[in-house]
Ligand code: RP5
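Numbering (full-length UniProt numbering), first residue to last: 1 to 162.
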């Protein structure tokens, strides 16, 4: 089995990594090879262009893009690749991520970004969602995803405790 990355995790800043690492952790747990890069739409536009336009030919299947504030990164990446792009709104300092959410979710019709929840839950779910795409053609990942979901279900007690 190849270890070449099939999921690309990109983020606008080093400061996004503590959130985006949760997506990486899920992919580690589910056995999905990924790469993680800092790619800023406004600070490193050429890096974004190179990344997005080469992503498919380099073997990536899915891109997870996290950004905060005026969060152009997921939409700009989606504009330059045919791959599915999942956007994670980072919880910003000024507006707690509502700015990030609206920037990412309100794509005009024609260039979709699948938008997750703000912050940690969004990053975790982006990892699970990306793995579920990979699982469509990878039985090992599909099995791990089934086990993950079964274990999660089994961990939920029926009765609340004081
Ligand atoms: C965005 O600006 C990044 O995605 C980050 O969430 C936000 C703040 O970046 P830093 O000022 O922390 O580098 O581009």
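Where a beta carbon is used, it is the ideal one built from N, C-alpha and C, also for glycine.
- Item | Cross-strand partners of residue 107 (DSSP beta bridge) | DSSP output for residue 107 lists no bridge partner at all.
- Helix, strand or coil for residue 4 per DSSP? coil
- Query: Quick one: does the C-beta of residue 16 sit closer than 8 Å to a heavy atom of the ligand RP5?
  - Reply: yes
- Query: Grouping DSSP H, G and I as helix and E and B as strand, with all else coil, what is residue 76?
  - Reply: helix
- Item | Environment of residue 137 [buried if 16+ CB atoms lie within 10 Å] | exposed
- Message: Please report the distance separating the alpha-carbon of residue 57 from that of residue 32.
- Response: 18 Å
- What are the uninterrupted segments assigned as alpha helix (DSSP H) that are 4 or more residues long and contained completely in the segment 88-159, given in chain order? 98-105, 120-134 and 139-154
- Task: Look at the Cβ atom of residue 23, then the Cβ atom of residue 110, and state whether they are nearer than 9 Å.
- Result: no
- Going by DSSP, which residues form a beta bridge with residue 65? 10 and 87
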